[in-house]
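Asker: My questions will all concern the structure given below.
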Amino acid sequence: MYIRVKRSKTTYFIRCKPTDKILDIKHKLQELVDQPANNQRLIVPATGEVLEDLRTLADQKMLPLVLTVLTIFYNLFYIFQVENDAVVALTLRKDDNEFEEVNIVRPNDFYQTRDADGANW
1 MYIRVKRSKT
11 TYFIRCKPTD
21 KILDIKHKLQ
31 ELVDQPANNQ
41 RLIVPATGEV
51 LEDLRTLADQ
61 KMLPLVLTVL
71 TIFYNLFYIF
81 QVENDAVVAL
91 TLRKDDNEFE
101 EVNIVRPNDF
111 YQTRDADGAN
121 W
């Protein structure tokens with residue numbers, strides 16, 4: 001399996017197994033981003049959940065969201081597992097020891113910026 005790790009305009013495709021720990025993924029990224037694993041943070045973009053280093057990809061779950069449907073007493077639990085082709089965001093530690101905000105540039109944003117600059121490709 002693989003996951004897509006995104007930061008700004010860059011996407012890293014990381015080959016992994018469900019039994020890999022998040023720390024293992026960070027070690028794979030270490031050579032690509034030239035930052036040690038302890039300066040990296042992986043986040044689920046949709047929820048902002050920070051993935052925990054010592055948990056495996058298969059173990060990572062979001063907190064359940066409880067929804068009541070049509071006032072019936074059913075609770076639906078949505079559980080997120082990092083699966084094949086999942087997207088996670090990479091943030092790096094800044095000089096002030098805080099982590100940067102998630103910044104993923106969508107292709108539309110990139111083309112609008114390029115067009116605004118008057119660039120011709």
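Each residue of the sequence shown is one higher than the last, beginning at 1 in the UniProt record's numbering. Glycine residues also receive a C-beta, built at the ideal position from the N, C-alpha and C atoms. Please read all numbers here as calculations on a predicted model, not as lab measurements.
Which residues bound the alpha helix (DSSP H) around I22?
Answerer: Segment I22 to V33, the alpha helix (DSSP H) holding I22.
Asker: Looking at the unbroken beta strand (DSSP E) that takes in K9, where does it start and where does it end?
Answerer: From DSSP, K9 is part of no beta strand (DSSP E); its letter is neither H nor E.
Asker: With C-beta atoms as the reference, is L54 less than 8 Å away from L23?
Answerer: yes
Asker: Return helix, strand or coil for A46, following the three-state DSSP convention.
Answerer: Coil.
Asker: Can you tell me whether A58 is helix, strand or coil according to DSSP?
Answerer: coil
Asker: Looking at the unbroken beta strand (DSSP E) that takes in V88, where does it start and where does it end?
Answerer: A86 to L92
Asker: Are there 16 or more other CB atoms within 10 angstroms of the CB of V105, so buried, or fewer, so exposed?
Answerer: exposed
Asker: Do the stretch 41 to 50 and the stretch 83 to 97 make contact, defined as three or more Cβ pairs closer than 8 Å?
Answerer: yes
Asker: Please classify R7 as buried or exposed, where buried requires at least 16 other C-beta atoms within 10 Å of its C-beta.
Answerer: buried
Asker: Quick check: what's the CA-CA separation for F13 versus E31?
Answerer: 13 Å
Asker: Measuring alpha carbon to alpha carbon, tell me which residue in D34, N38, E52 and E98 is nearest D20.
Answerer: E52
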